[in-house]
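**Student:** Okay, so the sequence shown: first residue is 6 according to my numbering, each after it adds one.
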Amino acid sequence: MYDTAELVRFYDHAYTRDPAEAELYSRWRALGAVDKADHVTRLCREGAVRPASVLEVGCGDGALLCELHRRGFCEQLSGVEITASAVEIARARPGIRSVAVYDGAHLPFAGHAFELGILSHVLEHVPDPAALLAEVARVCRAVVVEVPLEANWSARRRGKREHAAEVGHLQRLSRGDMREIVARAGLSVAAELEDPLPLRAHRFFATTRGGRARARAKWALRSSVHGAAPALARRAFTLHYACLCLPRDA
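Here you go:
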């Protein structure tokens, strides 16, 4: 059963845990923001979207917005988040216009108040992804969505399932699922991409020479399989999928 309060408590702890651990995961989110920003900029370039205003829904500690600011992507960067502790961190970052707490379902903005919305690793956490995507599309003229594709053999393992549940994943999505969610939200996919994750992500938590070697081997195998047989890669292990969503009549 979905419990928003429980999810808020989980992420409040994630941002206020032991200082050394919090610093480690802050660096992890900053590392992930580099790849997420790559995806946002690439999709917008392919879809000819040049936004002057951005709203990230579920912005966390603002790492992605901060990375977009560093790149000069957009002048007006804003965010909303369910966790007050994350909002406090994001508000202290340079280049972010505003960050507010929201209820996880309804956005306190008028229609088309922003030119681009971003939902990065959010839809897998909510009970009705299409409804939230439609709400973001009400407020934003275009939306970039990114999710992990966890409908695969690797993610079915007990340890992987337990970890996904621990971090609040309610959905185990495939690329087909995402296309259906986009359609149910009244949108169409204008551009899309998949990413097996770069070497730096695989190596981040490796603290020994052996761990780093195994991480490199895992990255090399997954990158090779995805390059040669993308459909097999989707069935075998988790990829990150991102798409640019536009109104059907755009």
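A virtual CB, placed ideally from N, CA and C, is assigned to each residue, including glycine.
1) Among the candidates Ala118, Val141, Ser90 and Ala115, whose CA atom is the shortest distance from the CA of Ala105?
2) For the alpha helix (DSSP H) containing Ser103, name the first residue and the last one.
3) For Leu70, which option in Arg205, Ile123, Leu112 and Ala115 has the closest C-alpha, if you only look at C-alpha atoms?
4) Please name the residue, chosen from Leu192, Gly65, Val148 and Arg76, that lies closest to Ile87 on a Cα-to-Cα basis.
5) Rounded to the nearest angstrom, what separates Pro24 and Leu36 at their Cα positions?
6) Between the C-alpha atoms of Ala27 and Gly67, what's the straight-line distance to the nearest angstrom?
7) Classify Ser179 as helix, strand or coil using the three-state DSSP reduction.
8) Mind checking which residues open and close the alpha helix (DSSP H) that includes Val141?
9) Gly84: buried (16+ other C-beta within 10 angstroms of its C-beta) or exposed?
10) What does a CB cutoff of less than 8 angstroms around Val79 pick up in its chain, not counting 5 residues either side in sequence?
11) Which residue wins for smallest C-alpha separation from Thr243, given the options Val39, Pro132, Arg75 and Lys165?
12) Can you round the beta-carbon distance between Ser179 and Val187 to whole angstroms, since I take them to be within the 8 angstroms contact cut?
13) Hey, Leu249 and Leu48: beta-carbon distance below 7 angstroms or not?
14) Roughly how many angstroms separate the alpha carbons of Gly77 and Glu93, rounded to a whole number?
15) Just reading off the beta strand (DSSP E) that Glu80 is part of, what are its end residues?
16) From Leu175 to His231, what does the alpha carbon distance come to, in whole angstroms?
17) Select from Ser125, Asp254, Leu112 and Ala110 the residue whose C-alpha is nearest the C-alpha of Ala195.
18) What residue range does the alpha helix (DSSP H) around His231 cover?
**Tutor:** Quick look at the numbers:
1) Against the sequence shown, residue 105 aligns to sequence position 100. Among Ala118, Val141, Ser90 and Ala115, the Cα nearest to that of Ala105 is on Ser90.
2) Residue mapping note: residue 103 aligns to position 98 of the sequence shown, counting from 1. It is not in any alpha helix (DSSP H) - Ser103 instead sits in the beta strand (DSSP E) that spans Ser103 to Val106.
3) Taking the sequence shown and counting its residues from 1, the one referred to as residue 70 is at position 65. Minimum Cα distance to Leu70 is reached at Ile123.
4) What you label residue 87 is simply residue 82 of the sequence shown in a count that begins at 1. For the options Leu192, Gly65, Val148 and Arg76, the alpha carbon positioned closest to that of Ile87 is the one of Gly65.
5) Residue 24 sits at position 19 when you count from the first residue of the sequence shown. Residue 36 sits at position 31 when you count from the first residue of the sequence shown. Straight-line Cα distance between these residues: approximately 18 angstroms.
6) Position 22 of the sequence shown, counted from the start, is the residue given in the question as residue 27. Position 62 of the sequence shown, counted from the start, is the residue given in the question as residue 67. Looking at the two C-alpha atoms, the distance is approximately 15 angstroms.
7) For the purposes of this step, residue 179 is identified with residue 174 of the sequence shown, where counting begins at 1. Ser179 falls in the coil class under three-state DSSP.
8) Here residue 141 refers to the residue found at position 136 when the sequence shown is read from its first residue. Val141 -> alpha helix (DSSP H) spans Pro134 to Val144.
9) The sequence position of residue 84 within the sequence shown is 79, counting from 1. So Gly84 counts as buried.
10) Position 74 of the sequence shown holds residue 79. One point to set straight first is that residue 79 is Cys, not Val, in the sequence displayed. Excluding sequence neighbours, Cys79 sits near Pro56, Ala57, Ser58, Val59, Leu73 and Leu121.
11) Translated into positions along the sequence shown, residue 243 becomes position 238. For the residues Val39, Pro132, Arg75 and Lys165, the minimum Cα distance to Thr243 belongs to Lys165.
12) Residue numbering aside, residue 179 sits at position 174 when the sequence shown is read from its first letter. Residue numbering aside, residue 187 sits at position 182 when the sequence shown is read from its first letter. No, Ser179 and Val187 are not in contact; Cβ-Cβ is about 13 angstroms, not under 8 angstroms.
13) Looking up residue 249 in the sequence shown gives position 244. Looking up residue 48 in the sequence shown gives position 43. Yes, the Cβ-Cβ distance between Leu249 and Leu48 is below 7 angstroms.
14) Within the sequence shown, residue 77 is the residue found at index 72, counting from 1. Within the sequence shown, residue 93 is the residue found at index 88, counting from 1. Each residue's alpha carbon lies about 23 angstroms from the other.
15) Looking up residue 80 in the sequence shown gives position 75. From DSSP, Glu80 is part of no beta strand (DSSP E); its letter is neither H nor E.
16) Locating residue 175 in the sequence shown gives position 170, where the first residue counts as 1. Locating residue 231 in the sequence shown gives position 226, where the first residue counts as 1. About 26 angstroms.
17) As a working note, residue 195 is residue 190 in the sequence shown. Cα-wise, what sits closest to Ala195 is Asp254.
18) By 1-based counting over the sequence shown, the position of residue 231 is 226. His231 -> alpha helix (DSSP H) spans Arg214 to Ala233.
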